[in-house]
Amino acid sequence: MKRINIYISLLVAFLLLSCNEDFLNRYPQDAISDVNFFQSPQDLKSYMNSFYSTAFFAKYPNHGADFNSDNQVGGNIDTRMQGTRVVSTSGSIGFGWIRRVNYFFDHYKKVEEKYPLKDYQQYLGEAYFFRAMSYYNMLQTYGDMQWVTHELKTDSPELYNSRDSRDLVATNIILALDSAVMYLTPEKTKGQGRINKWIALLIQSRVALFEGTWQKYHAGTPFGVTGSNPNKYFQKAAESALNLIKDGPYNLYSTGNPLNDYRELFAMQDWSNSPEVMFWREYNNDLSRGESAFTNDRNHRMEFPNNNSITKQLADSYLCNDGLPISVSPLFEGHETLIDEMKNRDPRFFQNIAPHDGIQKINKDGTKVYWSAVYNKLNTDAYHNSPAGYINIKGYNPDMNFHVQQYEESPGLIYRYAEALLNYAEAKAESGSITQADLDLSINKLRKRVGMPDLKLDNIVTDPNWDFPTLSPIINEIRRERRVELACEGYRWDDIARWAAADELIVGKRPKGFKASQVAKNPYPVDAEGFLDPFQKALPSGYGFILGRDYLNSIPISELVLNPNLIQNPGWEGID
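Under the numbering used here, the first residue of the sequence shown is numbered 1, with each subsequent residue one higher.
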């Protein structure tokens with residue numbers, strides 16, 4: 001067994017080291033023979049362990065997770081939003097991980113011949129899950145592609161296939177997740193062990209909702225899908241989410257304190273017993289995991305603004321606590337000061353954006369420092385720099401015992417149950433079948449946690465500032481709820497892309513901030529109404545996102561050279 005484990009370690013090390021050699025025609029070297037591997041369920045487990053560190057799976061919200069959207073703004077202009085990206089000359093598009101998972105499928109049958117299914121079905125389910133995740137990541141980034149389910153050799157004719165249709169790829173991703181659900185354990189782990197069937201259902205609802213809305217809202221554009229059928233995806237998204245909601249072992253975290261529970265959920269240092277967190281990543285400096293300081297020093301980096309701002313666009317999305325938008329609510333106190341803005345608002349506002357009277361630090365001697373001290377020094381130095389003024393505190397823990405630069409052990413939240421509620425409501429609304437019972441099962445649970453009034457299907461007040469005035473009131477309000485609940489968790493760009501919403505939200509727009517009169521020292525331009533307008537000089541005409549191009553990345557030129565049957569993505573043809 002010791003010898004087998006050494007072989008497995010060598011194989012995994014080889015596969016990880018070859019990550020950059022990420023083309024379809026790469027093949028595991030003959031020097032490491034597959035004869036030595038996949039002899040037992042433990043071998044399958046060891047092989048699958050390497051997938052848990054992949055970037056597309058193990059990423060989690062950091063302090064700037066929404067910088068590539070209209071939710072956050074930093075010191076630099078996002079090149080996709082500005083439309084200044086160029087065609088990649090080299091690099092991978094993700095087939096390296098496809099090759100790795102296909103290697104598993106081609107060789108696990110040696111274990112199948114020796115052991116009953118119950119001994120290894122968890123790892124088979126994980127393989128289906130990671131196949132789906134690998135392809136989903138590529139689908140979001142590059143669109144349609146070749147669907148490959150077995151190991152390719154250097155002379156395999158499939159290396160030169162053209163792309164399969166987007167609909168085929170999306171359908172196969174969902175089918176792979178069906179298999180994952182069938183094989184994965186239904187047991188709730190402590191959230192950092194192994195994938196279970198409920199996580200596969202969550203991702204299935206995410207994939208189906210993404211593809212359904214992509215096909216619906218990109219119809220008639222260069223990104224439209226021939227023979228599209230969005231409703232089949234909406235049905236699957238709702239079905240998967242409902243399965244998780246009704247039968248899964250998860251629930252929203254709540255202690256009955258609507259003024260603090262939402263903030264506290266993200267500030268926890270251990271989610272092992274959280275009813276809401278489905279998967280998270282622990283960082284422990286006593287373990288040799290090779291993590292860089294940048295990946296786990298969230299609290300240290302958020303102790304001061306450090307060029308990390310929430311935009312006015314996001315801040316204005318929060319309703320007043322009467323359930324009405326600020327444009328019509330009599331409770332809105334105006335924008336003159338942040339203190340005024342936060343009065344009578346959805347409690348998630350001041351649990352996601354630092355309030356003046358909120359605690360910024362709890363020193364080791366027990367003394368407290370408040371965010372008002374930071375606001376009073378805003379933009380006086382690099383640490384206090386905040387282009388839009390609003391300070392992001394999602395996931396921030398003020399206890400200084402957890403602030404250790406380079407050696408901090410802040411955990412990373414990867415999947416949470418709240419997304420399933422949002423996916424369900426949106427899928428039902430997009431299919432035109434949503435009922436009040438659906439809202440009570442989903443959106444209104446989220447609102448109840450923070451003490452907000454229920455969303456009533458037959459009593460939605462028109463917001464003159466809706467982002468999508470041509471869409472139905474219920475879709476506008478569900479999108480608002482999604483934006484507010486998932487703010488700064490890395491979902492926003494994917495939502496903008498699948499809704500084909502850059503024309504409404506990005507093109508010709510600039511990020512704005514709060515009233516400049518509140519800033520101690522203001523190095524930034526101000527708009528005609530007195531709001532911070534940090535990119536006014538750099539983007540006089542607003543963002544230059546190119547609608548017929550920038551929803552997808554370019555295929556690297558090196559990939560096009562390797563396979564002449566590949567076609568460049570729309571808008572990137574002929575661009576150097």
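The beta-carbon is built from N, C-alpha and C at its ideal position, and this holds for glycine as well.
| query | result |
| --- | --- |
| Residue from T337, I555 and A237 whose Cα sits closest to the Cα of K428 | A237 |
| Simplified DSSP assignment, three categories, for R194 | coil |
| Proximity winner among F37, S92 and Q82, relative to K109 (alpha-carbon distances) | F37 |
| Nearest-angstrom Cβ-Cβ length linking V181 and Y135, presumed shorter than 8 Å | About 16 Å; that fails the 8 Å criterion. |
| Three-state secondary structure assigned by DSSP to I567 | coil |
| Environment of T213 [buried if 16+ CB atoms lie within 10 Å] | buried |
| Beta carbon of V111 nearer than 7 Å to that of R166 | no |
| Spatial neighbours of F130 in its chain, beta-carbon cut-off 6 Å, leaving aside the 5 residues before and after | F51 and V101 |
| Continuous alpha helix (DSSP H) stretch holding G577: start and end | Nothing about residue 577 can be read from this structure; the chain reaches only from 1 to 576. |
| Cβ contact (3+ pairs, closer than 8 Å) linking the segment 301–308 and the segment 390–399 | yes |
| The segment 452–466 in contact with the segment 260–270 per 3-pair CB rule at 8 Å | no |
| Same chain only: Cβ atoms within 8 Å of D533, ignoring 5 sequence neighbours per side | R510, K512, G513, Y524, P525, V526 and D527 |
| Residue interval of the alpha helix (DSSP H) (run including V374) | W371 to Y375 |
| Beta-bridge partners of N392, as assigned by DSSP | I353 |
| Nearest residue (CA-CA) to N229, options I245, T380 and A208 | A208 |
| N495 versus K114 - alpha carbon distance | According to the sequence provided, residue 495 is Asp. The question's Asn does not apply to it. Approximately 46 Å between the Cα atoms of the pair. |
| Buried versus exposed, by CB contacts within 10 Å (16 or more), P579 | As displayed, the chain neither begins before 1 nor continues past 576, which places residue 579 out of reach and without an answer. |
| Contact set for I555: own chain, Cβ-Cβ below 7 Å, skip 5 residues either direction | I93, Y142, L566, Q568 and N569 |
| With 16 other Cβ atoms within 10 Å as the buried cut-off, status of G290 | Legend: pLDDT at G290 = 43, less than 50; position of this residue unreliable, value from coordinates given subsequently. Result: exposed. |
| Backbone secondary structure at I557 - three-state DSSP | helix |
| Cβ-based neighbour list, T380, same chain, cut-off 8 Å, excluding 5 preceding and 5 following | A520 and K521 |
| Beta-carbon gap between Y396 and M81 smaller than 7 Å | no |
| Buried or exposed (CB count within 10 angstroms, at least 16 for buried), Y383 | exposed |
| DSSP-derived helix/strand/coil call for G412 | strand |
| Selected residue, minimal CA-CA separation from D66, among A487, V87 and S162 | A487 |
| Neighbour-count burial assignment, V86, 16 or more Cβ in a 10 Å radius | exposed |
| From F104, P469 and Q436, residue whose alpha carbon lies closest to that of A501 | P469 |
| DSSP three-state assignment for I326, whether helix, strand or coil | coil |
| Cβ-based burial, S292 [other Cβ within 10 Å; buried from 16] | With a pLDDT of only 40 at S292, under 50, the local geometry of the prediction cannot be trusted, and the value read off the model is given with reservation. Its Cβ having fewer than 16 others within 10 Å, S292 is exposed. |
| Among S69, S40 and K45, the one whose alpha carbon lies nearest that of D550 | S69 |
| Bridge partner(s) assigned by DSSP for F279 | Y415 |
| Cβ contact check for the segment 247–262 and the segment 344–363: 3 or more pairs under 8 Å | yes |
| Closest by C-alpha distance to H150, when choosing among R99, Q122 and T189 | R99 |
| Residue range of the unbroken alpha helix (DSSP H) whose run includes W97 | F95 to H107 |
| Buried versus exposed call for S46 [16 or more other C-beta atoms within 10 Å across all chains shown] | buried |
| Cβ neighbour criterion (16 or more within 10 Å) applied to N5 | Low local confidence applies: a pLDDT of 42 at N5 is under 50, so the model's placement there is unreliable, and no value is given. |
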